[in-house]
Amino acid sequence: MKILKRRHPHPEIPLVSTADVSFLLLIFFLSTTIFATQRGISLELPGPGGRALLVSATKTAHAFVAADESVTLDGVAVPLASLAGAIRLKLRETPDLLLSLRVDPAAPYAALVSALDQVKLAGVRQVSIETGDGS
26 MKILKRRHPH PEIPLVSTAD VSFLLLIFFL STTIFATQRG ISLELPGPGG
76 RALLVSATKT AHAFVAADES VTLDGVAVPL ASLAGAIRLK LRETPDLLLS
126 LRVDPAAPYA ALVSALDQVK LAGVRQVSIE TGDGS
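Position one of the sequence shown corresponds to residue 26 (the numbering used here), numbered consecutively onward.
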């Protein structure tokens with residue numbers, strides 16, 4: 026008598042639907058992902074051939090950020106954290122105030138950003154930013 030060996034079926038994993046599932050997962054993750062957008066500082070730059078705007082001295086305030094991050098507003102030393110309050114006092118006197126912000130080229134970039142944040146908190150609508158060495 027001949028003994029027959031049992032044949033064990035080879036285990037198989039059906040791969041037919043793998044492509045479909047991976048495609049659906051890809052669509053799901055793409056549709057639920059939130060793409061972060063970074064917003065910069067919005068500045069309105071003058072166009073070519075623009076002419077200088079003359080403003081009376083009574084309607085302007087001058088802020089200067091030095092290299093050591095000290096701030097002066099119209100020649101008076103002001104702590105950077107309280108710059109917004111000092112500017113608000115000027116805005117009460119002159120509602121259409123133009124603020125001229127000058128930053129020393131050796132000052133850290135963070136000082137400029139902090140000063141601009143304070144100006145924004147104060148509610149100034151017209152800001153002039155001087156670049157370069159101011160000459």
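Cβ coordinates follow ideal geometry from the N, Cα and C atoms, glycine included.
When rounded, the separation of the alpha-carbon atoms in S67 and A109 is 19 Å.
Comparing alpha-carbon positions, the option among V138, G72, A86 lying closest to L114 turns out to be A86. If you compare the alpha carbons of T119, R117, R31, A92 with that of P133, the shortest gap goes to A92. Rounded to the nearest whole angstrom, the CA to CA distance from A102 to S81 is 23 Å. With a minimum length of 3 residues, the unbroken runs of beta strand (DSSP E) contained wholly in the region 84-128 fall at 85-90, 96-98, 101-103, 123-128. By the CB criterion at 7 Å, L126 and I154 fall inside the cutoff.
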